[in-house]
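Undergrad: Counting in our numbering, the sequence shown runs from 250 upward without gaps.
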Amino acid sequence: MANRSSNQLVVPEAKQGLKNLKMEVANEVGLSNYDTVDKGNLTARQNGYVGGNMTKKMVEAYENSLK
250 MANRSSNQLV
260 VPEAKQGLKN
270 LKMEVANEVG
280 LSNYDTVDKG
290 NLTARQNGYV
300 GGNMTKKMVE
310 AYENSLK
């Protein structure tokens with residue numbers, strides 16, 4: 250069966266930019282070592298907060314580009 254992972258980037262060149270955004274958001278929420286910590290040892294709330302805030306920032310940036 251084919252791999253149907255939805256985690257693949259639409260624009261692979263954006264990988265480093267997304268990683269930078271993730272680290273920026275993690276630092277903002279007090280997870281300064283997010284790049285080296287085992288994500289399995291964090292709570293779902295902590296991981297979700299990082300991902301949710303990343304999404305919020307990306308949506309805000311896109312909305313601002315429409316002005």
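Even for Gly, the Cβ is constructed at its ideal location relative to N, Cα and C.
Between the region 255–262 and the region 281–294, are three or more C-beta pairs nearer than 8 Å?
TA: Contact fails: fewer than three Cβ-Cβ distances are below 8 Å.
Undergrad: Cβ of Val274 within 8 Å of Cβ of Lys306?
TA: In contact: Val274 and Lys306 (Cβ atoms closer than 8 Å).
Undergrad: Can you find the residues in the same chain that come closer than 7 Å, C-beta to C-beta, to Leu270, ignoring five residues on each side of it along the sequence?
TA: The residues are Met303 and Lys306.
Undergrad: Pull up the distance between the alpha-carbon of Asn282 and that of Met272, whole angstroms please.
TA: Whole-angstrom Cα-Cα distance: 9 Å.
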